[in-house]
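Undergrad: Our numbering numbers the first residue of the sequence shown as 3 and each following residue consecutively.
All residues carry an ideal CB built from backbone N, CA and C; glycine is no exception.
The model shown is predicted, which means the values in this text are computed figures rather than measured ones.
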Amino acid sequence: MSSRLVLLGSKGGPAIRPGGPWPTSSLLEIGGRRIVIDCGLGVTRGLTSADVPLKALDLIVITHLHSDHVLELGPLIHTAWTAGLAAPVRVFGPVGTRAYWHGFLQAMAFDIDIRIVDEGRPDLRALVEVIEYSEGKIFSENGLTLSALRVDHPPVTDCFALRFDHAEGSVVFSSDTAYFPPLADFARGADILVHEAMLAEGVDRLVARTGNGARLKEHLLASHTFAEQAAAVAMVAGVGRLVLHHLIPADDPEITENQWIAAARKNWAGALTIAADGLVVKLTDDSSD
Ligand SMILES: [Zn+2]
Ligand SMILES: [Zn+2]
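1. Please report how far the alpha carbon of Gly105 lies from the alpha carbon of Val97, in whole angstroms.
2. Check whether the Cβ of Thr227 sits closer than 7 Å to any heavy atom of ligand 1, and report yes or no.
3. From Gly240, Val196, Glu203 and Glu230, pick the residue whose C-alpha is nearest to that of Ala277; which is it?
4. Residues in the same chain with beta-carbon distance under 6 Å from Ser289, minus the five sequence neighbours each way, listed in chain order, please.
5. Please state if the CB of Glu131 and the CB of Arg165 are separated by a distance shorter than 8 Å.
6. Helix, strand or coil for Asp40? Go by DSSP, reduced to three states.
7. Taking CB distances under 8 Å as the criterion, tell me whether Leu281 reaches chain C.
8. Tell me whether Glu220 sits in a helix, a strand or coil according to DSSP, three-state version.
9. Using the Cα positions of Leu27 and Leu249, report the straight-line distance between them to the nearest angstrom.
10. What did DSSP end up calling Met110 once you bin it into helix, strand or coil?
11. Skipping 5 residues on each side, what residues in its chain have a beta carbon closer than 8 Å to that of Leu78?
12. Using the Cβ count rule (16 or more neighbours within 10 Å means buried), how would you classify Lys268?
13. Does Glu256 come out as helix, strand or coil in the three-state DSSP assignment?
14. Can you look up Ala180 in the DSSP assignment and give me helix, strand or coil?
15. Just the C-alpha distance for Asp178 and Met200, rounded to the nearest angstrom, thanks.
16. Quick one: grab the DSSP three-state call for Arg19.
17. Residues in the same chain with beta-carbon distance under 7 Å from Ile118, minus the five sequence neighbours each way, listed in chain order, please.
18. Say yes only if the C-beta of His155 is nearer than 7 Å to one or more non-hydrogen atoms of ligand 2, and no if none qualify.
19. Given the structure, does His247 come close to ligand 2, in the sense that its CB is under 7 Å from one of the ligand's heavy atoms?
20. Below 8 Å CB to CB, which residues in the same chain sit around Arg207 once its five sequence neighbours on both sides are set aside?
21. Compute the beta-carbon to beta-carbon distance between Phe162 and Thr65, rounded to the nearest angstrom, for a pair I have assumed lies under 8 Å.
22. Pull every residue with its beta-carbon under 5 Å away from any heavy atom of ligand 2, and keep them in chain order.
23. Please tell me whether, using a cut-off of 7 Å, the distance from the CB of Gly22 to the nearest non-hydrogen atom of ligand 1 is below it.
24. Which class does Pro25 belong to by DSSP, given the choice of helix, strand or coil?
What follows is the structure in structure tokens.
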């Protein structure tokens, strides 16, 4: 298995629209591991479209408990279980992830119990280990290290950027955050920085067509990062590639990829990718685009 990053769902926010992209989830294949980062709606479909057998699920990491990052965590694991999952899955998430998982198990108790008896499946409850993490190094195994940095995403306080380091490459996910300069230190020298991004002109259009416009704009400006600012973090960090992800807005037909590129280019001259659902990014490549 060669290492790769797949952007399974690329939009910021939980709402979906006909023909539009899906909320946030990513797949990182590195060091022979398959790691799912965030489980927004559509993660299961995204994984199968990326040719990942669900029963091979191994590690899942949730950056924070906003629904566009966690809504499909339970359904993903449950579906993997019905697809033959037999080895334990570990889920790393912030405080509250365990309560989410127990709530999901409770909601699905009828189905889970009946399948154990009727189909002879292993007990799903025993197959999943939830580990609640905080800032710092959270995992180190077979040459793969995972560390977390608390970022600035009010009103959510337990929201973490993630850094994966392995001999095959290093990848940093900003998670959701307002412009947060300390991320540059955290991402220093990484091969890829996957950073959330909003586009100023798109936000104005988004706010104009939404009922509670002023309130929404206030939230977006306090809690998220403009593409130019994400580019500034990438520049200071000296990463190999910047990937703009969790796009806001993601489904405005008037907003083109070129506008995203132009915004990022104000502060970033290096390799650049604008996320789209299902897009594959190699961990290290020399192609210049
Ligand atoms: Zn989000
Ligand atoms: Zn969020």
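TA: In terms of the structure at hand:
1. Reading the sequence shown from its first residue, position 103 is the one you call residue 105. Reading the sequence shown from its first residue, position 95 is the one you call residue 97. Taking the straight line joining both Cα atoms gives about 14 Å.
2. Along the sequence shown, read from residue 1 onward, the residue named residue 227 stands at position 225. No, the beta carbon of Thr227 sits no closer than 7 Å to any heavy atom of ligand 1.
3. Locating residue 277 in the sequence shown gives position 275, counting from the first residue. Closest by alpha carbon: Val196.
4. In the sequence shown, residue 289 corresponds to position 287, counting from 1. Note that Ser289 scores 49 on pLDDT, short of 50, meaning its location in the model is unreliable; the coordinates nonetheless yield the value given after this. Cβ within range, chain order: n/a, list empty.
5. Against the sequence shown, residue 165 aligns to sequence position 163. Against the sequence shown, residue 131 aligns to sequence position 129. If you check the CB distance, Arg165 and Glu131 do not come in under 8 Å.
6. Against the sequence shown, residue 40 aligns to sequence position 38. In the three-state scheme derived from DSSP, where H, G and I count as helix and E and B as strand, Asp40 is classed as strand.
7. The chain inventory of the structure shown lacks chain C, comprising one protein chain alone.
8. The residue labelled residue 220 in the question sits at position 218 within the sequence shown. It is helical.
9. What you label residue 27 is simply residue 25 of the sequence shown in a count that begins at 1. What you label residue 249 is simply residue 247 of the sequence shown in a count that begins at 1. The sequence shown places Ser at residue 27, rather than the Leu named in the question. Within the model, the alpha-carbon separation for Ser27 versus Leu249 is close to 12 Å.
10. Start at 1 with the first residue of the sequence shown, and residue 110 comes out as number 108. Here Met110 sits in coil by DSSP.
11. Here residue 78 refers to the residue found at position 76 of the sequence shown. Contacts found: Val38, Cys41, Val45, Thr46, Leu49, Leu56, Leu59 and Ile62.
12. The count along the sequence shown starts at 1 and reaches residue 268 at position 266. So Lys268 counts as exposed.
13. Within the sequence shown, the letter at position 254 stands for residue 256. Note: Glu256 maps to coil in three-state DSSP.
14. Here the question's residue 180 lines up with position 178 in the sequence shown. Looking at Ala180 - three-state DSSP - the assignment turns out to be coil, as it is neither helix nor strand.
15. Residue mapping note: residue 178 aligns to position 176 of the sequence shown, counting from 1. Residue mapping note: residue 200 aligns to position 198 of the sequence shown, counting from 1. Rounded to whole angstroms, Asp178 to Met200 spans 11 Å at the Cα level.
16. Taking the first residue of the sequence shown as position 1, residue 19 is located at position 17. Correct three-state label for Arg19: coil.
17. In the sequence shown, residue 118 corresponds to position 116, counting from 1. Around Ile118: Asp125.
18. For the purposes of this step, residue 155 is taken as the residue at position 153 of the sequence shown. Yes, the Cβ of His155 comes within 7 Å of a heavy atom of ligand 2.
19. The count along the sequence shown starts at 1 and reaches residue 247 at position 245. Distance from the C-beta of His247 to the nearest heavy atom of ligand 2 is not below 7 Å.
20. Sequence index remark: in the sequence shown, residue 207 carries index 205 (1-based). Closer than 8 Å at Cβ, skipping near neighbours: Pro251, Asp254, Glu256 and Ile257.
21. Here residue 162 is taken as the residue at index 160 of the sequence shown, counted from 1. Here residue 65 is taken as the residue at index 63 of the sequence shown, counted from 1. Contact flag correct, Cβ pair sits at about 6 Å.
22. Those residues are His68 and Asp178, given in chain order.
23. Taking the sequence shown and counting its residues from 1, one reaches residue 22 at position 20. Answer for Gly22: no, Cβ out of range of ligand 1.
24. Working through the sequence shown from its first residue, we reach residue 25 at position 23. DSSP, reduced to helix, strand and coil, places Pro25 within a strand of the structure shown.
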